[in-house]
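Okay, so the sequence shown: first residue is 19 according to our numbering, each after it adds one. For every residue, glycine included, the Cβ atom is placed at its ideal position computed from N, Cα and C. Just so we're clear, the structure is a prediction, and the values are computed from it rather than from any experiment.
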Amino acid sequence: MNDKKTIKITKKIMGAMVSIVISKQIKELEKEIKDETKEESIENKKEIVDLEKKELKMADLLADKNGLVEVGNGSGFIVDSNGIILTNKHVVEDKNANYVVVLNDDRKFDAEIISRDPINDIAILKIEAVNLPFIKLGDASKLQLGQNLIAVGNALGIFRNTVSVGIVSGLSRSIMTQTNSKYPPQEMRGLIQTDAAINPGNSGGPLINENGEAVGINSAIVSGAQNIGFAIPINSAIRDLKDIKKFGKIRRPFLGIRYIMIDDNLKEKMNLPINYGALVIREDNEEAVIKNSPSEKAGIIENDIILSFNGEKLKADHPIQDILENMSAGDVIKLDILRNGKQISTELTLAERK
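Shown next, in the form of structure tokens:
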């Protein structure tokens, strides 16, 4: 992509970029600070109390007239002229926080969180504004290795509308990520890898193709590495937007089993008869098959090996999660299962994930 084209695309999309300011009530912050220090050892008690007092005093000094303290920020982008905005779920995951959207022209609006995707790191916001510039959504499935990309966002939460260019470095990447210390690490699958600079604060900004369309939502970086960033394919967000329009919420299918994908290593380690499929297995004292779930109703039991969904063979690089991504609650699935050396078939109807 030459300089003239990059400049042209940047000018075209910049009006649809937004900053998301995260604030909390001073009383809520006080509670969090006290909770975080409550469990520290008695030997450090004086130091902890002193630190707690300093933090509370600083928060009080920074609070505005409504008692709100800014605690973070992220990026987002407008995808509909009537104020629909896409960002990352981890940017707006705190249900006790206040969120304000700052437009490129510095107008500010309170944000309504329409929905947080229960699986992907995607959130949909709404502001009360009309006739807004917006970014068209592309098709991430058409991306090719080496294709030019532009990443836009608020680098480090300080530098608004930071633009970086790069290429598609990889497709269908999987990484483990932890967006909040309160929650365990989660696997993110099917990601776009790019060498366009993505920094803290860029989260929720768009990844743009040569047509000026958003093909991804900037989401993660590899700590300590350079030029390795990841974005969620925009197709997942398009599906979420369709769900919102049709049902008023994001609906994700629910299967109701715990499983592990089988590969050559697991086959050898557990002395399994095959090197593919999904082994239904309990974990951390949790049942392998969730009670009253579609899987239980279909008769699936622990140690079953699910071979295929609707004829699609399950493999380590083509797991259940990837197939469910293209399915909806209410869909009927035919399963081929290996149980005690015999192959059987059954059907189940996907439920809605709550």
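Status (buried if at least 16 other CB within 10 Å, exposed otherwise) for residue i
i: L163; result: exposed
i: P224; result: buried
i: R134; result: buried
i: S5; result: Outside the shown range of the chain (19 to 372) lies residue 5, about which nothing can therefore be said.
i: P312; result: buried
i: F248; result: buried
i: Q361; result: exposed
i: I60; result: Its pLDDT being 46, under 50, I60 is placed unreliably in this model, and the value from its coordinates should be taken loosely. Under this definition I60 is an exposed residue.
i: K42; result: buried
i: M206; result: buried
i: Q244; result: exposed
i: N328; result: exposed
i: D258; result: buried
i: D21; result: exposed
i: N253; result: buried
i: R125; result: exposed
i: D261; result: buried
i: D359; result: Before going further, note that residue 359 is Gly rather than Asp in the sequence given. Its Cβ having fewer than 16 others within 10 Å, G359 is exposed.
Proximity below 8 angstroms, CB of residue i to CB of residue j
i: V183; j: N166; result: yes
i: E7; j: I299; result: Shown here, the chain extends from 19 to 372; a query on residue 7 therefore has no answer.
i: F177; j: A147; result: no
i: N91; j: S237; result: no
i: G222; j: G33; result: no
i: L161; j: V233; result: yes
i: A158; j: P251; result: yes
i: I145; j: V120; result: no
i: I31; j: I153; result: yes
i: M279; j: A306; result: no
i: S363; j: L356; result: no
i: L150; j: G188; result: no
i: I323; j: I292; result: yes
i: R269; j: A347; result: yes
i: N373; j: M35; result: Since the displayed the chain opens at 19 and closes at 372, residue 373 lies outside it and no answer follows.
i: G171; j: N227; result: no
Bridge partners - residue i, DSSP secondary structure assignment
i: R357; result: K360
i: L167; result: G184
i: R191; result: L209
i: Q43; result: L86
i: I308; result: None, per the DSSP bridge assignment.
i: L121; result: In the DSSP output, where bridge partners are listed per residue, L121 has none listed.
i: D340; result: Note: D340 sits in no beta bridge, so no partner.
i: M35; result: F95
i: K126; result: V120
i: E320; result: Answer is none; E320 lacks a bridge partner.
i: L155; result: A232
Beta-carbon proximity list for residue i, same chain, < 8 angstroms, skipping 5 on both sides
i: M345; result: P271, I351, L368
i: K71; result: Reliability fails at K71, whose pLDDT of 46 lies under 50, so the model's placement of it is uncertain and the value that follows must be treated cautiously. No residues qualify anywhere along the chain.
i: I40; result: E88, V89, G90, N91, G92, V109, V110, D112, A115, N116, Y117
i: K63; result: Note that K63 scores a pLDDT of 47, beneath 50, so its modelled location is shaky and nothing firm can be said.
Sequence-distant residues of the same chain with beta carbon closer than 6 angstroms to residue i, five excluded per side
i: A169; result: S182, A214, I216, L225, N236
i: K267; result: S133
i: D349; result: L368
i: P136; result: R270, R371
i: L69; result: Caution applies to L69, whose pLDDT of 41 falls short of 50 and renders its modelled position unreliable; the value that the coordinates give is listed next. Contacts found: none.
7 angstroms CB neighbourhood of residue i in its chain, flanking five on each side removed
i: T24; result: I168, V183
i: A255; result: L104, I140, I235
i: L366; result: P312, S313, K315, A316, I351, L353
**OP:** Would you mind listing the beta strand (DSSP E) stretches within the segment 225-298 that are 3+ residues and don't spill past its ends, in chain order?
**Re:** The DSSP assignment places complete beta strand (DSSP E) segments of no fewer than 3 residues inside the segment 225-298 at 232-239, 247-251, 277-279, 296-298, in order along the chain.
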